[in-house]
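Numbering (this note's numbering), first residue to last: 78 to 247.
In this text, a Cβ means the ideal position worked out from N, Cα and C, and glycines have one as well.
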């Protein structure tokens with residue numbers, strides 16, 4: 078179950094303390110695109126561009142990691158000026174490792190932000206990357222993802238219980 082638990086769980090990408098992560102030694106942030114940075118199939122907009130500029134201003138290198146095709150990922154990556162990995166086959170470690178090689182960082186310097194437990198979080202944890210789960214932006218998703226969301230609720234129940242227990246033990 079621990080492979081499915083995120084290291085951090087936040088409402089959205091804007092709720093994450095990136096400066097705090099940088100101060101803790103993180104130098105790269107990897108992102109899922111659909112339902113993490115924007116809704117499914119939506120192009121990058123000015124808020125996405127400003128968000129990535131802010132991350133670079135802090136000192137981060139970024140990379141997009143998507144299971145989607147290059148036709149979807151490339152235009153988004155070009156707009157936000159970030160390298161990318163398409164058809165990453167998450168939860169496979171391969172895409173995460175490739176991104177770290179590309180950005181020339183170690184797993185201990187890398188965080189990943191995504192909205193799905195069974196692809197994003199499991200893959201990040203397997204790759205030794207600090208995993209951050211955010212709530213999906215939109216409830217409108219493909220049927221296979223909707224079905225996985227029911228299972229994710231069970232994992233989140235146990236995750237929240239484990240976090241509460243940890244906080245009570247401190």
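- A direct Cα-Cα distance of roughly 6 Å separates residue 170 from residue 200.
- Secondary structure note for residue 108: its beta strand (DSSP E) is the uninterrupted segment 105 to 108.
- Comparing alpha-carbon positions, the option among 137, 193, 160, 165 lying closest to residue 227 turns out to be 193.
- Under a 10 Å Cβ-count criterion, residue 181 is classified as exposed, with fewer than 16 other Cβ atoms of the shown protein chains found around its own Cβ.
- Considered as a whole, the stretch 138 to 225 harbours 147 to 157, 171 to 180, 199 to 203 as its complete alpha helix (DSSP H) runs of no fewer than 4 residues, in chain order.
- Using a Cβ distance threshold of 8 Å, residue 140 and residue 188 do not count as a contacting pair.
- Here residue 132 carries a helix assignment [DSSP, helix/strand/coil].
- Taking the Cβ atoms as the reference, residue 167 lies roughly 4 Å from residue 196, within the contact range of under 8 Å.
- Per DSSP, residue 88 is not a residue of any alpha helix (DSSP H), being assigned neither H nor E.
- Secondary structure at residue 111: strand, using DSSP grouped into helix, strand and coil.
- Shown here, residue 246 sits in a helix according to DSSP, grouped into three states.
- One Cα belongs to residue 236, the other to residue 119, and the distance between them is close to 30 Å.
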